[in-house]
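Peer 1: In our numbering, the protein residues as written are 1 to 304. Beta carbons: idealized from backbone N, C-alpha and C, even for Gly.
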């Protein structure tokens, strides 16, 4: 990839998640500041990155109506619009965006803006397929469990067809990697997207899967976005997520995978880390070290 300045954009939205317990709100909104405290921002800025600020979400309200609307639907859509505008500004400057969530509903704003700019691909790294949608479930409620379905055209029109742009990513331009073999939507997703790779396959050979991901994607795209949900990691090493499931990958495999993928993508979003479940900050520091290592090693961050 050509040399670009990395631009850090904070998107601390928790609007796409269910409440962790009754009367509480998800802690993912605290993730960007936890990563700042852990040294991520300092390391990136020292290497020449810029701080593009924050796109704050609206108030969290658990206002789900089964069969009618997602929880937080209005503030979620409003946040997606503002996030898309900010992403457009970063890209217009020629910068390489690193978007720090927040939960993975932030992918909606990214996807809509990229569709406005051209035809982009998506690499979706996640411990779940996030493919619940009205066609396979009567309980669509939280966009963070439905984001991959939404951005590939499988959701209610107010979510999946903003501005008449559906699908934001054509299914043949999307690869998912990281779900467990037991994922409920694995067969549907395998038949819908360009390719699907499980966590077990990544564990067997992360570098090979990285190469296979690109082999599955078309060559004519205007760019490829990389979405990383940290619940791809095994909960024995990353319990600070909304939906920890066993049989995930480990730091070594994630690093190997990212080193293959990062040189060929046009931006990265990192989601679902919950500092409420990391009271001593140890996991934030470990995640920050990983990101600093893989971004610096691939010359994504350069002196401006």
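Do the region 113-131 and the region 167-186 make contact, defined as three or more Cβ pairs closer than 8 Å?
Peer 2: Segments in contact, yes.
Peer 1: Taking the runs of the alpha helix (DSSP H) that are 4 residues or longer, which of them lie wholly in the region 95-178?
Peer 2: 107-117, 147-151 and 157-160, all fully within the region 95-178.
Peer 1: Would you say residue 248 and residue 235 are within 9 Å of each other, going by their C-beta atoms?
Peer 2: For residue 248 and residue 235, yes; Cβs fall inside 9 Å.
Peer 1: Short check: CB of residue 212 to CB of residue 195, under 9 Å?
Peer 2: It is a contact, given that the beta carbons lie within the stated cut-off.
Peer 1: Return the first residue and the last residue of the alpha helix (DSSP H) that residue 189 is part of.
Peer 2: Start and end: 186-192.
Peer 1: Quick one: grab the DSSP three-state call for residue 195.
Peer 2: Strand.
Peer 1: On the CB-based measure, 16 or more other CB atoms within 10 Å of its CB, does residue 68 come out buried or exposed?
Peer 2: Exposed, since its Cβ has fewer than 16 Cβ neighbours within 10 Å.
Peer 1: If residue 143 and residue 203 are in contact, beta carbons under 8 Å, what's the gap, nearest whole angstrom?
Peer 2: Going by Cβ atoms, the distance from residue 143 to residue 203 rounds to 29 Å, so no, they are not a contact pair.
Peer 1: Go ahead and pull the three-state DSSP assignment for residue 237.
Peer 2: Coil at residue 237, not helix or strand.
Peer 1: Compare the C-beta of residue 231 with all C-beta atoms of chain C and state if any pair is closer than 9 Å.
Peer 2: Any reference to chain C falls outside this structure, which holds one protein chain only.
Peer 1: Leaving aside the five residues before and after residue 289 along the sequence, list all residues of the same chain whose C-beta is less than 7 Å from its C-beta, in chain order.
Peer 2: Correct list: empty, nothing qualifies.
Peer 1: Residues in its own chain within less than 7 Å of residue 300 by CB, not counting five upstream and five downstream?
Peer 2: Caution is warranted here: a pLDDT of 43 is assigned to residue 300, below 50, making its placement in the model unreliable, and the coordinate value is therefore given only provisionally. Counting only Cβ-Cβ distances below 7 Å, and skipping sequence neighbours, we find 6, 96 and 262.
Peer 1: Just how far apart, CA to CA, sit residue 79 and residue 43?
Peer 2: The straight-line gap from Cα to Cα measures roughly 28 Å.
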